[in-house]
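Here is the structure we will look at.
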Amino acid sequence: MDAISKFPLYLPGRESENNGHLSFISSDIRQEKTLLAHCTTHKGQVILEQEKYYPTKSYESFSEIVLHFMKDIGISEFSRIAVGTPGPVINGQCVSIRLPWMLDAEKIKTETGIDRVYLINDVEATAYGLADLCNDSLTSVYESDTPTTGNVAILAPGEGLGEAGLYYDGTYLRPFATEGGHSEFSPRTNIEVEFYQFLNQIYGIVSWENVLSKNGLFNIFRFLRDEKRHPLSEKLLAKLQDEEDFCVAIYRSVIEDQEQISTITLNTYLEFLAREANSLVLKLKATGGLLIGGELPFLFRDYIDKNRLYQKFMISDKMERLLKNIPIFMIPNDKMVLVGAAYYAAFSEI
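Take 4 as the starting number for the sequence shown in our numbering and just add one per residue.
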C-alpha cells in the first residue's frame, strides 16, 4: 500500500484541468534559512524544477526573497505561490516569533505581482506532503496486525515544536494546524520535577516547546551539566566549539564518543518525544496513525530505538487499548514543508 492510499488526502483540485500545467513557487521559511522552489504540475503530481536557499535574516521581507529568486532563475511570471511558515496563520497573516518580519498574503501579492498566495502553517504543509510519498518514504516504528482508520497526528520538532492533525471525514484526511507545542509541560518523576523547576526559573511558563525543540535539547543538556553536575570531556568541549549546530555536536558526541552527558541528553529527549506523541494522539484520537517528522527526528533517525520509542509511547492512564493498534511512522524527508505547501497551493482548490 502506498502513502496515497494509506493517507488519502482531500485534494479536490488534483484532477482539475485548471491545475494541470501550473508554474508556481513553493517555499519553506525557517528561522535561519528559507528554501524556495520553482514547481510545475503534471498528471496530479508536483515536480520540483529548481531549488535555492536564502539566509532569512538577510532580507527585509519575504517578498524580497521571492523577487531575488525570480531573478536568479530567470522567470518573471508565476501563477501562484505557496508560503510554508512557522506559526499560526490567521486571516491571511502570520506573525511568527522565529521570523524577522510579518507575513501578509495581500501584501505579498502586491509586492511580487503573483495573484494567488497560499499561506499555510509549516506542519499543516507537512501533512499535505504525504501526497508525494510512496510507502518506501515512511520508516515504520510500529504497525499493528489490526489496522485502524481515523484521524492522524503529526509531531515535528525542530526550531520549534510543530504539531498538526488530519481529520478523517470517512473518506479523506483533511489537514489542520494546531499550536499544541505551546501547551504546558508537566513533569512525571522527581528528577523531572527538578528539571521543570530549572526551566521555570528561566521561562516562567514551561511549554513542551522548551523541552522538545532544538533549544529544548540544549535545556536538557544544561540541566544535566549545571544542576546534576555531569562532566564534559575535552572531546565534547571541542565538538561544541567547532560545530555551529549544537544538536549536531551532541549527536556526533553520542555516535562517535559515547559521551555520557550527551547520551543521557539524547535518550531523555527521545523519552519526552514519546510522551508528547502519546498526549497528541490521545487529544486528537488519532487512531489512523502517528507521523513523526521535523529536523531533530530526521537528524537522530539512525539512533532511535524503535521498540523503546514504542514502549515509552504506550505508557498511559487506561488508554493502552486505544494506543496499541495505532501505526507509527517516521518521515525521513527534510523537504516535507516545501513539497506539502506546493501540493496545497496546486490542488486544494478546483
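Cβ atoms here follow ideal geometry from the backbone N, Cα and C, with glycine treated the same way.
- Under DSSP, Pro-58 forms a beta bridge with Lys-36.
- Looking at Cys-137, Thr-59 and Glu-80, the one whose alpha-carbon comes closest to that of Trp-104 is Thr-59.
- The three-state secondary structure of Ala-156, taken from DSSP, is strand.
- Under the DSSP assignment, Arg-119 falls in the beta strand (DSSP E) whose first and last residues are 119-124.
- Counting along the chain, no alpha helix (DSSP H) covers Tyr-171; the unbroken beta strand (DSSP E) around it starts and ends at 164-171.
- Its chain contains Asn-154, Ala-156 and Gly-168 as the residues whose beta carbon lies nearer than 6 Å to that of Leu-287, once the 5 sequence neighbours on both sides are disregarded; these appear in chain order.
- Counting the other CB atoms within 10 Å of its CB gives Leu-240 a total below 16, which places it among the exposed residues.
- Sixteen is the threshold: when 16 or more other Cβ atoms of the shown chains lie within 10 Å of the Cβ of Thr-37, as they do, the residue is buried.
- Here Asn-310 is exposed. Its C-beta has fewer than 16 other C-beta atoms within 10 Å.
- Beyond the five residues adjoining it in sequence on each side, Ile-295 comes within less than 6 Å, by CB distance, of Leu-158 and Met-333 in the same chain, given in chain order.
- Within the region 262-347, the complete beta strand (DSSP E) segments of 3 residues or longer fall at 292-295 and 331-333, listed in chain order.
- For the pair Ala-345 and Ala-85, the CB atoms are nearer than the 7 Å cut-off.
- No Cβ-Cβ contact shorter than 7 Å links Ala-108 with Gly-90.
- The distance from the Cβ of Leu-273 to that of Leu-312 is about 6 Å, consistent with a contact at the 8 Å cut-off.
- A Cβ-Cβ contact shorter than 7 Å links Glu-52 with His-41.
- Here Gly-343 is not near Ala-180, since their CB atoms are 7 Å or more apart.
- Distance from Val-209 to Leu-202 at the Cβ level is roughly 4 Å; contact confirmed, criterion being Cβ atoms closer than 8 Å.
- Between Glu-247 and Ser-256, the CB-CB gap reaches or exceeds 7 Å.
- In the displayed model, Ser-66 falls within a helix according to three-state DSSP.
- If you ignore the 5 residues before and after Ile-111, its C-beta comes within less than 6 Å of the C-beta of Ser-66 and Val-120, all in its own chain and listed in chain order.
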